[in-house]
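Some notes on the structure that comes next.
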Amino acid sequence: MVSKILMLFTMSLSVLMAGEDKLFFGPCSSFSASMKFDCYRDYEEVAQFLTDAHAQYPNHTRLESIGKSYQGRDLWVLTVTNFSTGAPEDKPAIWVDGGVDSDEVVSTEVALGLIHRLLTNDDPRIKQLMKTRTFYIMPNMIPDGSEYQHHTPLRPRDSTLKPWDDDNDGKTDEDPPEDLDGDNMALSMRVEDPAGDWVKDEKDERLLRARKPDDTGPFYKRYSEGIDNDGDEKYNEDWPGGIDPNRNYPGNWSIKQRGSGPFPGSESELRTVLDFVHAHPNIAASQHLHSTGGVILRPPSVPELKLPSSDLRLYVNLSESGLKVTEYGLATSVYQWNWPRGSRNSGKGQIRRMEDGTIKGLDPFDGLGNYYGHDEEYDSYAAYGGSLDGMYELFGILAFANEIYRFGEDLDNDGRVSASEQLKYNDEKMGGQVFKEWTPFNHPTLGEVQIGGWKKFGHNNPLASELPFEVERNVDFILMQAEAMPQLFITDVEQDYLGKNVYRLTLTVANQGFQPTELAIRIKNGNAVPVRASISAAKKVMVLDEDTQKDLGHIMGNDETEIQWLVHGSKGAEVTLKTFHPKGGRSSKTVKLGR
7 MVSKILMLFT MSLSVLMAGE DKLFFGPCSS FSASMKFDCY RDYEEVAQFL TDAHAQYPNH
67 TRLESIGKSY QGRDLWVLTV TNFSTGAPED KPAIWVDGGV DSDEVVSTEV ALGLIHRLLT
127 NDDPRIKQLM KTRTFYIMPN MIPDGSEYQH HTPLRPRDST LKPWDDDNDG KTDEDPPEDL
187 DGDNMALSMR VEDPAGDWVK DEKDERLLRA RKPDDTGPFY KRYSEGIDND GDEKYNEDWP
247 GGIDPNRNYP GNWSIKQRGS GPFPGSESEL RTVLDFVHAH PNIAASQHLH STGGVILRPP
307 SVPELKLPSS DLRLYVNLSE SGLKVTEYGL ATSVYQWNWP RGSRNSGKGQ IRRMEDGTIK
367 GLDPFDGLGN YYGHDEEYDS YAAYGGSLDG MYELFGILAF ANEIYRFGED LDNDGRVSAS
427 EQLKYNDEKM GGQVFKEWTP FNHPTLGEVQ IGGWKKFGHN NPLASELPFE VERNVDFILM
487 QAEAMPQLFI TDVEQDYLGK NVYRLTLTVA NQGFQPTELA IRIKNGNAVP VRASISAAKK
547 VMVLDEDTQK DLGHIMGNDE TEIQWLVHGS KGAEVTLKTF HPKGGRSSKT VKLGR
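Residue numbers for the sequence shown follow our numbering, beginning at 7 and rising by one.
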């Protein structure tokens with residue numbers, strides 16, 4: 007029996023390496039203006055989607071592999087902008103990545119949906135964004151892992167596929183879950199055992215809760231589905247991979263964080279992304295796509311990071327807009343999400359969308375400097391080495407993460423959707439499609455067990471029928487975020503004739519985006535770059551100021567500043583004025599001297 011199971015697991019890995027048909031979805035539709043997002047694409051289909059998009063829109067896209075995954079797959083990035091209105095690097099840009107958590111394949115579809123919207127939609131709003139913004143889109147950051155989701159029974163965890171010794175026994179990846187009952191899903195097992203730490207939950211007997219002193223049983227032990235491959239009397243304790251790229255970012259990395267890896271940036275996929283972001287200082291915003299929960303996440307992810315007040319206000323304002331766009335129920339910092347227990351996600355700085363559509367939340371500045379509303383020694387959900395804090399603090403990027411799709415309804419209004427509430431939703435709204443009922447199975451070493459649990463699709467990835475709506479509303483959020491990026495324009499050049507062919511030129515430079523040219527965290531850390539303006543002229547014009555380039559400092563959102571030059575030249579001579587900031591773009595204006 008054990009040898010048969012090992013053979014089946016080996017066969018599943020062979021299928022993965024051979025790139026055979028997906029287990030759960032047939033071939034997805036190819037890229038076209040009329041296509042629909044009702045299917046989940048594997049690595050080859052994503053690559054073909056990007057290739058087709060680039061082939062059909064060569065003047066608005068640039069497709070490049072910026073590196074390789076651990077197993078040698080290309081890490082594709084599609085640059086999307088209207089190339090006729092300027093180089094991508096000269097426009098404010100937003101970075102969008104999906105697939106960092108390998109089983110959350112809905113994130114890849116949202117990234118592809120963004121590409122599709124930008125290229126095929128004739129909305130004037132989209133056209134304007136294409137003219138003035140750049141989108142760097144990486145649909146799948148960890149393609150090795152998502153291939154397990156599509157091609158094997160295993161539901162991959164949040165990690166790269168570089169081998170890792172989870173149990174410190176000197177071996178790597180030697181005891182993964184397996185599909186014992188042949189349903190193409192490695193789910194969960196529970197087995198009656200007097201020494202078990204679990205009992206059936208009174209709310210729903212399909213669930214287990216922790217054992218209490220007065221419980222009379224029956225008691226259970228629980229496992230992921232599989233066997234003890236390495237004979238150490240533990241089950242499935244050493245899965246493929248083990249280093250979480252979303253706990254491997256530099257900045258606030260910690261060796262104590264589970265999944266952190268041996269050192270920050272140890273994973274090749276993440277290093278590739280970091281190199282790309284560093285080489286593109288025009289990236290002003292980012293969206294890191296995840297599932298599930300229907301939550302808009304922002305920094306901080308750890309207690310040590312305190313956001314400057316202006317950055318916090320910016321995040322809260324955009325989060326409020328995000329709830330209106332997505333109709334999700336909660337916007338919060340990562341660190342504050344579902345903490346402290348029983349808080350109902352109603353702390354300072356958290357914003358909730360009520361059933362009637364109204365937005366409510368506590369002002370993070372009410373009560374002065376306590377952003378969290380509780381003592382630090384009671385804090386729990388910290389995410390050291392996460393993407394949001396890394397992008398925000400290291401690169402000055404306004405980083406968000408959308409937890410796409412919420413399965414279930416918060417029936418008791420405690421601020422979260424419990425497992426029992428999800429089961430009720432599965433039964434009443436989903437026709438029982440998402441949870442596999444517990445089924446007896448004769449395990450080769452444990453004896454009589456039950457196999458069941460949440461299936462691979464429907465729980466944290468919406469079923470195909472619900473996928474288009476999730477793609478649409480999350481693309482809407484990304485577009486809203488892109489519109490908020492800083493955008494420099496020279497709005498006016500005033501000329502004052504001072505006599506003897508001398509003119510004073512007053513240049514008005516406006517930031518017409520909601521976001522400032524530099525976030526306060528960058529200014530605080532001494533890494534901020536000022537807006538710069540320059541003047542150039544024909545030979546018949548002399549710039550009387552010592553400097554032809556001047557610093558304008560930092561310009562807040564929806565604000566403007568002025569700079570002046572003195573020039574000497576004859577009437578009708580041309581002068582060109584330019585302004586630039588990496589995250590605010592370029593603007594120029596040529597004027598003729600005149601009295």
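Quick reminder that beta carbons are idealized off the backbone N, C-alpha and C, glycines included.
Note that the coordinates shown come from a computational prediction; the quantities given were computed from them, not determined experimentally.
* To do: Measuring alpha carbon to alpha carbon, tell me which of Phe447, Arg528 and His465 ends up nearest Ser316.
  => Arg528
* In angstroms, rounded to a whole number, what distance separates the CA positions of Leu12 and Gly299? -> Low local confidence applies: a pLDDT of 47 at Leu12 is under 50, so the model's placement there is unreliable, with the coordinate-based value given in what follows. Straight-line Cα distance between these residues: approximately 35 Å.
* Asked: Arg123 lies in the alpha helix (DSSP H); which residues open and close that run?
  -> Val112 to Thr126
* If you draw a straight line from the alpha carbon of His286 to that of Tyr154, how long is it in whole angstroms? -> 32 Å
* To do: Can you tell me which of the three DSSP states Glu472 falls into?
  => coil
* To do: Going by CA-CA distance only, name the one from Ala539, Trp101, Met147 and Thr85 that's closest to Leu69.
  => Thr85
* Which of the three DSSP states, helix, strand or coil, is assigned to Phe447? -> strand
* To do: Please classify Lys435: does DSSP put it in a helix, a strand, or coil?
  => helix
* **Bridge-paired residues (DSSP) for His465** => Note: His465 sits in no beta bridge, so no partner.
* Please classify Tyr377: does DSSP put it in a helix, a strand, or coil? => Model confidence at Tyr377 stands at a pLDDT of 28, short of 50, so the residue's coordinates are unreliable and nothing is read from them.
* **Whole-angstrom distance between Ile249 and Tyr377, CA atom to CA atom** => Here Tyr377 scores only 28 on pLDDT, less than 50, and its place in the model should not be relied on; the value that follows carries that caveat. Spanning the two alpha carbons is a distance of roughly 31 Å.
* Run through DSSP, which three-state label would Leu496 get? -> According to the sequence shown, residue 496 is Ile rather than Leu. Three-state DSSP puts Ile496 in a strand.
* Continuous beta strand (DSSP E) stretch holding Asp220: start and end -> Premise fails: Asp220 is in no beta strand (DSSP E) and is neither H nor E.
* Asked: Quick one, which of Glu184, Lys227 and Gly188 has its alpha-carbon nearest Val205's?
  -> Lys227
* Roughly how many angstroms lie between the CA atoms of Gly600 and Leu504, to the nearest whole one? -> 11 Å
* To do: Taking only the alpha-carbon atoms, compute the straight-line gap between Ala516 and His587 and give it to the nearest angstrom.
  => 12 Å
* **Candidates Tyr390, Ser325 and Gln493, of which the one nearest Arg358 by Cα** => Ser325
* **Buried versus exposed, by CB contacts within 10 Å (16 or more), Ser307** => buried
* **Ile132, enclosing alpha helix (DSSP H) - first and last residue** => Pro130 to Thr138
* Output the distance between the C-alpha atoms of Leu280 and Ala59, rounded to the nearest integer angstrom. => 25 Å
* In whole angstroms, what separates the C-alpha of Pro474 from that of Val331? -> 15 Å
* **Inside the segment 384-408 only - beta strand (DSSP E) runs reaching at least 3 residues** => none
* To do: Please determine, among Leu311, Gly328 and Glu211, the residue with the shortest C-alpha to C-alpha distance to Val301.
  => Gly328
* **Check whether Pro268 and Ile148 have beta carbons under 9 Å apart** => no
* **Simplified DSSP state of Thr567, which is helix, strand or coil** => strand
* Hey, could you find the ends of the alpha helix (DSSP H) Gln342 is sitting in? => First-last for Gln342: undefined, no H or E at that position.
* For Trp101, which residues of its own chain have a beta-carbon under 6 Å away from its beta-carbon, when the five flanking residues on both sides are left out? -> Tyr142, Ile289 and Ser292
* Is DSSP giving Ala488 helix, strand or coil here? -> helix
* **Tyr384 to Asn351 span [Cα, whole Å]** => For Tyr384, the predicted structure reports a pLDDT of 39, less than 50, and the residue's modelled location is therefore unreliable. A value from the coordinates is still provided. If you take the alpha carbons of Tyr384 and Asn351, they lie about 15 Å apart.
* Enumerate in chain order the residues of its own chain whose CB-to-CB distance from Pro145 is below 6 Å, with the five nearest sequence positions on each side excluded. => Val52, Gly104, Thr114, Ala117 and Leu118
* Given 8 Å, three or more beta-carbon pairs between the segment 119-135 and the segment 29-47 -> yes
* **Local conformation of Phe55 per DSSP, three classes** => helix
* Asked: Using a Cβ-Cβ cut-off of 7 Å (strictly less than) and excluding sequence neighbours within five positions of Ser260, which residues of its own chain qualify?
  -> Ser266, Tyr390 and Gly391
* **Three-way DSSP call (helix, strand, coil) for Glu326 in this model** => helix
* To do: For Arg422, count neighbouring Cβ atoms within 10 angstroms of its own Cβ and tell me buried if that reaches 16, exposed if not.
  => buried
* Asked: The alpha helix (DSSP H) spanning Arg264 covers which residue range?
  -> No alpha helix (DSSP H) contains Arg264, which DSSP labels as neither H nor E.
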